[in-house]
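Below: the structure, in structure tokens.
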Amino acid sequence: MIILFLVYHGFSDESGISKKIHYQVKGLRQNGHEVHLCYYDFDSRGHRCRYVDDKVIADYGLGAMAALRSRIDLGCICGYCVDNGIEMVYARSFMNASPMLVRLFARLKKTGIKCVTEIPTYPYDHEFKGYPLKYKIPLYFDMMFRRALSAKMEAIVTFSNKESIFGKRTICISNGIDLDSIPLHNPKKQQDIHLIAVAEIHYWHGFDRLVAGLGEYYKSNPNGRKVYFHVVGWEDDRGTTSNGYLTVEQMARKYGIEKYIINHGKLFGDKLDEVFNQCVFAIGSLGRHRSGITEIKTLKNREYAARGISFIYSENDSDFDDKPYIIKAPADESPINVGEIINYIDSHDFNPAEIRTTVEHLSWKYQMEKVITEI
12 MIILFLVYHG FSDESGISKK IHYQVKGLRQ NGHEVHLCYY DFDSRGHRCR YVDDKVIADY
72 GLGAMAALRS RIDLGCICGY CVDNGIEMVY ARSFMNASPM LVRLFARLKK TGIKCVTEIP
132 TYPYDHEFKG YPLKYKIPLY FDMMFRRALS AKMEAIVTFS NKESIFGKRT ICISNGIDLD
192 SIPLHNPKKQ QDIHLIAVAE IHYWHGFDRL VAGLGEYYKS NPNGRKVYFH VVGWEDDRGT
252 TSNGYLTVEQ MARKYGIEKY IINHGKLFGD KLDEVFNQCV FAIGSLGRHR SGITEIKTLK
312 NREYAARGIS FIYSENDSDF DDKPYIIKAP ADESPINVGE IINYIDSHDF NPAEIRTTVE
372 HLSWKYQMEK VITEI
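Numbers in the working numbering are just positions in the sequence shown, counted from 1, shifted up by 11.
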């Protein structure tokens, strides 16, 4: 099958989302499909352009009018699909439903091209709770047109267990992994305990709960074993304080445990691996309930398992809920029980390679072929 993988933004070497998209494309190609990647970015002159496989299919120019044209002039996508025999369009939602997108997919459907849209997180409305109005306006626009847009699709691809979204049937898959790109965990043996979380941090990650748990642990055990929390990534606090939560840094100051919180910023490659190997346990999402989500199959849980490191999370994730190498935290605002994590680490000795084998079926090759099969 000839497939156009459509995204509405550009890519960054530092972005986990960018890597995920390229792994999805790779997964489709591993199943024998011809895949072309369409995206939107700026060229070396600052022109807004739409690309397919790094070739410009539309140059919108410079300035405010170029920004407007890039949103309303989508005919180049349909033209490319028709001219190049595209049989299916796999679009990744950017919470950007609009009359122009509805028209584009209506034209694609009329030509006989099958279309699906992936909604990476659902529901997503609550993710903007507490954000300034300027960030909510695109969401309000999306809310007006997303059902009409979904009506033009064969199905909605979701990482939840929802049977329908916006009135359209779903194809339920798991976030996949590219095992070739994820090294096996090789932890260092040491008396102190080091925990790690890797994320672009939002209030729904709930890492403040882990920091609060550390604070309570040190209050009760001032001379106990040292536990350190390594945070890799940057914190987007737009919805944190406005929703009544504290950032990781603020919570650490509240308990006076700043020296036990190590913020590395963004790390990649060997530097990230070094920090992982210093740590013995990972932290997944602990606050998805804050954004109204009870079930989700997050990419981070799968990446932790692919490395072979045990982890904690609070949402429902059917791929891991029954696994012995995870801890399920309550989906509430209570501080995380750090003593429980310490006891768990002391009483379990999982082989990283054995943990990794449990997620081999979650490769992007397998997950993306499920989409093709169910269309």
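We put the CB at the ideal spot given by N, CA and C, even for glycine.
Tell me the DSSP secondary structure of ILE188 in three-state form. For this step, residue 188 is matched to residue 177 along the sequence shown. Three-state DSSP puts ILE188 in a strand.
Looking only at its own chain, which residues have a Cβ that is under 6 Å from the Cβ of ARG103, when we skip the five neighbours before and after it? Here residue 103 is taken as the residue at index 92 of the sequence shown, counted from 1. Once the five neighbours on either side are set aside, the close Cβ partners of ARG103 are VAL18 and GLU129.
HIS44, DSSP secondary structure in three states: Reading the sequence shown from its first residue, position 33 is the one you call residue 44. In the three-state reduction of the DSSP assignment, HIS44 falls in the coil class.
Please state the DSSP three-state secondary structure of MET389. No statement about residue 389 is possible, as the shown extent of the chain runs from 12 to 386 and does not include it.
Nearest candidate by alpha-carbon position, reference GLY141, set MET164, VAL238, LYS200 and TRP215: Locating residue 141 in the sequence shown gives position 130, where the first residue counts as 1. Across the set MET164, VAL238, LYS200 and TRP215, the C-alpha of TRP215 shows the shortest separation from the C-alpha of GLY141.
By Cβ distance, which residues of its chain are closer than 7 Å to MET73, with the 5 residues on each side in sequence left out? To locate residue 73, count along the sequence shown from 1; it is residue 62. Per the sequence shown, residue 73 should be read as Leu rather than Met. Around LEU73: GLY57 and HIS58.
Taking only runs of the alpha helix (DSSP H) that begin and end inside the region 197-242, which ones reach a length of at least 4 residues, in chain order? List check, alpha helix (DSSP H) in window: 218-231.
Are the CB atoms of GLN392 and TRP375 nearer to each other than 8 Å? Because the chain is modelled from 12 through 386, residue 392 falls outside the range shown and cannot be assessed.
Assign ILE38 to one of two classes, buried (16 or more other C-beta atoms within 10 Å of its C-beta) or exposed (fewer than that). On the sequence shown, position 27 is the one that residue 38 refers to. Here residue 38 is Gly; the residue named in the question, Ile, does not match the sequence. Buried: at least 16 other Cβ atoms inside 10 Å.
Count the other CB atoms, across all protein chains shown, that sit within 10 Å of the CB of ILE184; report buried if there are 16 or more and exposed otherwise. The residue labelled residue 184 in the question sits at position 173 within the sequence shown. Residue environment analysis places ILE184 among the buried positions, since at least 16 neighbouring C-beta atoms fall within 10 angstroms of its C-beta.
Along the chain, where does the beta strand (DSSP E) that runs through ALA162 open and close? The sequence position of residue 162 within the sequence shown is 151, counting from 1. Neither: ALA162 is in no beta strand (DSSP E) and is coded neither H nor E.
Would CYS49 pass as an interface residue toward chain B - the criterion being a Cβ-Cβ separation below 8 Å? No chain B is part of this structure, which consists of one protein chain only.
Touching by the beta-carbon criterion (3+ pairs, under 8 Å), the region 310-323 and the region 339-358: Yes: the two stretches touch, three or more of their Cβ pairs being nearer than 8 Å.
Ignore the nearest five residues each way along the sequence and tell me which others in HIS47's own chain have a CB closer than 6 Å to its CB. The count along the sequence shown starts at 1 and reaches residue 47 at position 36. LEU15, VAL63 and ASP64, listed in sequence order.
Assuming contact is defined by CB atoms lying nearer than 8 Å, are LYS311 and ASP328 in contact in what I supplied? Taking the first residue of the sequence shown as position 1, residue 311 is located at position 300. Taking the first residue of the sequence shown as position 1, residue 328 is located at position 317. Between LYS311 and ASP328, the C-beta spacing is not below 8 Å.
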